[in-house]
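Chemist: Okay, so the sequence shown: first residue is 160 according to the UniProt record's numbering, each after it adds one.
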Amino acid sequence: SQSGTEISRVRNINCIRMGRHDVDTWYFSPYPPEFTGLHLVHVCEFCLTPYGSEFQMQRHRQKCRLMHPPGNEIYRHEDLSFFEIDGRRQKTYCRNLCLLSKLFLDHKTLYYDVDPFLFYVMCQTDAHGAHILGYFSKEKDSAENYNLACILTLPQHQRKGYGRLLIAFSYELSKVEGKLGSPEKPLSDLGLLSYRAYWAEAIVERLIRFRGDVTIEEIANATAITPQDVMHTLQSIDALKYYKGQHIICLSNKVVDAYKRAEQKKRRRIHPELLDWKPPI
Ligand code: ACO
Ligand code: ZN
Numbered sequence: 160s161q162s163g164t165e166i167s168r169v170r171n172i173n174c175i176r177m178g179r180h181d182v183d184t185w186y187f188s189p190y191p192p193e194f195t196g197l198h199l200v201h202v203c204e205f206c207l208t209p210y211g212s213e214f215q216m217q218r219h220r221q222k223c224r225l226m227h228p229p230g231n232e233i234y235r236h237e238d239l240s241f242f243e244i245d246g247r248r249q250k251t252y253c254r255n256l257c258l259l260s261k262l263f264l265d266h267k268t269l270y271y272d273v274d275p276f277l278f279y280v281m282c283q284t285d286a287h288g289a290h291i292l293g294y295f296s297k298e299k300d301s302a303e304n305y306n307l308a309c310i311l312t313l314p315q316h317q318r319k320g321y322g323r324l325l326i327a328f329s330y331e332l333s334k335v336e337g338k339l340g341s342p343e344k345p346l347s348d349l350g351l352l353s354y355r356a357y358w359a360e361a362i363v364e365r366l367i368r369f370r371g372d373v374t375i376e377e378i379a380n381a382t383a384i385t386p387q388d389v390m391h392t393l394q395s396i397d398a399l400k401y402y403k404g405q406h407i408i409c410l411s412n413k414v415v416d417a418y419k420r421a422e423q424k425k426r427r428r429i430h431p432e433l434l435d436w437k438p439p440i
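(1) I172: which of H180, R179, G178, P189 sits nearest, CA to CA?
(2) Which residues does DSSP pair with Q283 in a beta bridge?
(3) How would you write the range of the beta strand (DSSP E) that N306 sits in, first residue to last?
(4) Confirm the yes/no value for this check: CB of F205, any heavy atom of the ligand ZN, distance under 6 angstroms.
(5) In chain order, what are the residue ranges of uninterrupted beta strand (DSSP E) at least 3 long that sit wholly in the region 379–416?
(6) On the three-pair Cβ rule with 8 angstroms, is the region 326–334 touching the region 365–375?
(7) Can the beta-carbon of F276 be found closer than 7 angstroms to that of Y294?
(8) Considering only the alpha carbon of each residue, which of S347, R355, I233, G322 lies closest to P439?
(9) Name, in chain order, the residues that DSSP records as bridge partners for H201.
(10) Could you tell me which of R365, K413, F328 sits nearest to S240, measuring between CA atoms?
(11) What are the boundary residues of the alpha helix (DSSP H) that T251 is part of?
(12) For residue 111, is the beta carbon positioned less than 6 angstroms from some heavy atom of the ligand ACO?
(13) Could you give the C-beta distance for N306 and G340, rounded to a whole number, given that I count them as a contact under 8 angstroms?
(14) Smallest Cα separation from Q315: which of Q387, R170, W185?
(15) Taking C331 as part of the alpha helix (DSSP H), name the residues at either end of that continuous run.
(16) Give me the Cα-Cα distance between F187 and V169, rounded to the nearest whole angstrom.
(17) From P386, V202, I384, N412, pick the residue whose C-alpha is nearest to that of I396; which is it?
(18) Closest to K299 by CA distance: which of I244, G320, M216 is it?
(19) Return yes when at least one heavy atom of the ligand ZN lies under 6 angstroms from the C-beta of C282, else no.
(20) Check whether the Cβ of T312 sits closer than 6 angstroms to any heavy atom of the ligand ACO, and report yes or no.
(21) The ligand ACO and E343: does the residue's C-beta get closer than 6 angstroms to at least one heavy atom of that ligand?
(22) When you compare each of N231, P228, V202 to Q217 by their alpha carbons, which one comes out closest?
This is the structure:
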């Protein structure tokens with residue numbers, strides 16, 4: 160994260176236009192100097208290249224042939240797809256994605272070096288192409304066993320459950336790898352809220368489906384959530400009790416009811432059987 164010695168830099172671009180959305184930015188992002196101070200920056204929603212004027216953007220749109228992110232489609236369910244993009248092979252796209260996401264991420268250093276990362280871009284497809292909703296990045300080889308480095312739902316698509324799908328997808332990848340994972344720290348406030356909500360739901364779902372004795376390790380192995388994150392989540396929903404000299408896991412009616420209400424909302428979910436992916440070697 161940014162150190163205290165670094166001068167904190169002010170927001171340099173006010174607004175970006177992507178497809179039919181105008182989006183106010185949140186933070187500084189190191190776009191090249193010709194963009195700084197511009198009120199509006201046009202970003203091609205397919206290749207993510209920035210342009211300083213409407214004219215340049217229109218000229219680009221006549222030439223840009225990209226209709227989806229430049230990688231393999233590894234998941235599709237109805238109109239929702241995930242593409243895997245290798246930072247080493249698609250440097251320009253991945254740098255543009257990092258520049259774009261830095262506008263909404265304060266606490267992360269921007270990785271100019273995109274080589275060590277894979278990028279998982281979630282898109283919604285219509286007749287015009289696969290439109291980016293959000294993404295997460297993942298180190299190819301994480302010493303700390305992080306299964307996610309940076310996560311973003313573009314602001315125009317936030318609070319519709321896509322962050323939850325991105326997080327769920329990151330854990331599905333970990334399950335295929337046969338690993339337990341956790342996101343890179345520190346988390347932003349919004350990141351923490353979303354992860355807490357996801358963890359509680361995934362763990363409660365597991366507990367409701369498999370009644371009887373269950374250990375933290377079993378929950379961790381079934382969900383790919385680390386035992387530490389499982390512990391903290393159980394504590395946060397007040398489900399760890401000390402009874403006759405033993406720790407037991409016990410869900411209150413309140414927690415179960417909240418889970419059932421959420422389930423009835425019929426939100427989209429990830430269907431693991433549709434994941435067409437092997438861990439890269
Ligand atoms: N206020 C309160 N609760 C929230 C909020 C919010 N603004 N946003 C998410 N939550 C919680 C809620 O419990 C929500 O469930 P609900 O809508 O059923 O109540 C749950 O998180 C999931 O919300 P989603 O709609 O699935 O999340 P969204 O698509 O908005 O994406 C994300 C969440 C990715 C964190 C988004 O806010 C974002 O991109 N923020 C900017 C970038 C950022 O901070 N990323 C995380 C950095 S940490 C890291 O990268 C490791
Ligand atoms: Zn383009």
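Think of the CB as a built atom: it goes at the ideal place given N, C-alpha and C, for glycine as much as any other residue.
Modeler: Reading off the structure:
(1) Nearest C-alpha to I172: P189.
(2) L239, H290
(3) 305–307
(4) Between the ligand ZN and the CB of F205, the shortest heavy atom gap is smaller than 6 angstroms.
(5) 399–402, 405–408
(6) no
(7) no
(8) Nearest to P439 by alpha-carbon distance, out of S347, R355, I233, G322, is I233.
(9) R176, Y210
(10) Checked all of R365, K413, F328; the closest Cα to S240 is F328.
(11) 250–261
(12) Residue numbering for the chain in the displayed model covers 160 to 440; residue 111 lies beyond these limits and cannot be assessed.
(13) 3 angstroms
(14) W185
(15) For the record, residue 331 in the displayed sequence is Glu; it is not Cys. It spans 321–336 - the alpha helix (DSSP H) in which E331 sits, taken as one unbroken run.
(16) Roughly 6 angstroms separates the two Cα atoms.
(17) N412
(18) I244
(19) no
(20) Taking 6 angstroms as the cut-off, the C-beta of T312 counts as close to a heavy atom of the ligand ACO.
(21) yes
(22) V202
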